[in-house]
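There are 2 protein chains.
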Amino acid sequence: MRALKYAILGLLNRKPMSGYDLSKEFSSQIGNFWSANHSQIYPELKRLLDEKLVVYNIEISGDVLEKKVYTITEKGRKEFLRWLNKDEPMGPTPKDVFRLRMYFCNNLDVETRIRLLKHQLSQHEERLAFLSDEMKRYNTVPPIDSDAFGDYLVLDSAIMREETTIRWLKKCISLCQNGSDEK
Amino acid sequence: MRALKYAILGLLNRKPMSGYDLSKEFSSQIGNFWSANHSQIYPELKRLLDEKLVVYNIEISGDVLEKKVYTITEKGRKEFLRWLNKDEPMGPTPKDVFRLRMYFCNNLDVETRIRLLKHQLSQHEERLAFLSDEMKRYNTVPPIDSDAFGDYLVLDSAIMREETTIRWLKKCISLCQNGSDEK
DNA sequence: CGCGACATGTAAGCAGTTACATGATTAT
DNA sequence: ATAATCATGTAACTGCTTACATGTCGCG
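Here the protein sequences come in this chain order: A and B. Taking our numbering, the leading residue of the first sequence gets 140, the next gets one more, and so forth. Taking our numbering, the leading residue of the second sequence gets 140, the next gets one more, and so forth.
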């Protein structure tokens, strides 16, 4: 599978970057659906280098600090495009610990459920507010052949995901409260 | 973290089961948000046994075929409830390879994007149809202290997730088509 | 001069997938 | 008979997280 490999190749296909830059990218839009930390990125870059999918040259920041700026090769671009064009089946359903916990929530007293649900709710609302703020930067949908188009699509998806989670959490809270009244 | 440990304890807290039964459970409602296959379940059961959180007794199916039916212990129940009551922060954003691909979709020609998007769309619509069918079994919201309540909540969540994904996919298709007209 | 950001790496361990391996039971 | 399902395990490998480890640069 090696999704990280293609995530990195895709980012380097946008523009040359260092491992450090890549790890920052994974905190931005793309990070809503894929991320990795530096301890995974550096070894992967070494591997891509061995496979001749990337090359690097060293830039000096300041006096002596070396920065390896990686560039995708023609071979790398080909392999990336091959992966991107492939039609793959729907992936496995992603895991979610909080929903796993709610699956077992009949073992919790109602007050605890509501407390846990409200805590999740506030976190997701905060996250949604952050994402909505990012969305404000787009007055219009970016051109479909620009890098920004991908940014826009995944940001939109992340917002929709948060909105849906929030709707579900509110529904859960409501069901727990009504159910407890009925008793 | 050991989420699988608690998933298994929670299921055994519902009723005694074999490893085989557990792996089937992960294909039902709970499987929408957590799953594992038998190669992970059997070693985990052994570990739970070592930790004295479960015990088993052997049932014979047919003539000689042995079936290990696991039961949660009092210690196991306590540890499960401790985990369940804990208030944990929002987990990391789940990974999604298709959205990762769409992040890079400006490198695809419009026809390919639409083909890939429509393929995903049909798969998610099929999945939604299946889940909606499952939902029909509930004429009413189950009692909030029944096992079925958890089943209901996660099924509802899975349906909302599929609906949202479908809305997003349709939006992406529409954006790609309109954008290509404008050019 | 101290702190946060910049910058790159390795090691140990946990979690999860795929494949290997075996055998019994039930329905057709 | 034979295929699908029941039933239990192990081994090898991939992916990912957390911690270890080191050093520079720019700002206040």
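All residues carry an ideal CB built from backbone N, CA and C; glycine is no exception.
A distance of 8 Å or more separates the beta carbons of Gln168/A and Met229/B. When DSSP reads this structure, Ile211/B sits in a beta bridge with Val193/B. Fully enclosed beta strand (DSSP E) runs of no fewer than 3 residues occupy 193-200 and 204-211 of the stretch 192-270 of chain A, in order along the chain. Residue contact check for Gly289/B against chain A: a CB pair falls below 8 Å. Under the Cβ criterion (8 Å, minimum of three pairs), the stretch 298-309 of chain B counts as touching the stretch 287-300 of chain A. Remark: C-beta atoms of Leu239/B and Arg240/A do not approach each other more closely than 8 Å. In this chain, the alpha helix (DSSP H) harbouring Asn152/A covers Ala142 to Arg153. Taking a beta-carbon distance threshold of 8 Å, Asp272/B does not count as an interface residue toward chain A. Contacts between His258/A and chain B, judged by CB atoms closer than 8 Å, involve Asp226 in chain order. Within the DSSP bridge table, the entry for Met156/A names Tyr209/A as partners. With a threshold of 16 other beta carbon atoms within 10 Å, Ile147/B meets it and is buried. In the displayed model, Arg276/B falls within coil according to three-state DSSP, outside both helix and strand.
The beta carbon of Tyr242/A falls within 8 Å of a beta carbon belonging to chain B, placing the residue at that interface. Taking one beta carbon from each stretch, the stretch 174-194 of chain A and the stretch 147-166 of chain A have 3 or more pairs nearer than 8 Å; the two touch. Contact with chain B is found for Asp284/A, since one of that chain's Cβ atoms lies less than 8 Å from the residue's Cβ. At a cut-off of 8 Å, the C-beta of Gly318/B has a neighbouring C-beta in chain A. Counting C-beta pairs with one atom in each stretch, the stretch 190-204 of chain B and the stretch 245-254 of chain A have fewer than three that are closer than 8 Å, which means they do not touch. For Gly215/A, none of the residues of chain B pass the 9 Å Cβ criterion, the least Cβ distance being about 13 Å. The Cβ-Cβ distance between Lys154/B and Lys191/B does not fall below 8 Å. The C-beta distance from Tyr195/A to Tyr181/A rounds to 12 Å, too long to fall under 8 Å, and the pair is not in contact. Under the three-state reduction of DSSP output, Trp307/B falls in the helix class. The C-beta distance from Leu294/B to Met274/B rounds to 6 Å, short enough to meet the 8 Å contact threshold.
Inclusion of Gly289/A and Pro282/B in the CB contact set at 8 Å is not warranted, their separation being larger than that value. Within chain B, the residues whose beta carbon sits less than 8 Å from that of Met229/A are Phe237, Gln259, Gln262, His263 and Arg266, listed in sequence order. Ranked by Cα distance from Arg216/B, the first of Leu247/A, Arg276/A, Lys234/A and Val193/A is Leu247/A. Interface criterion not met: the Cβ of Ser167/B is under 8 Å from no Cβ in chain A.
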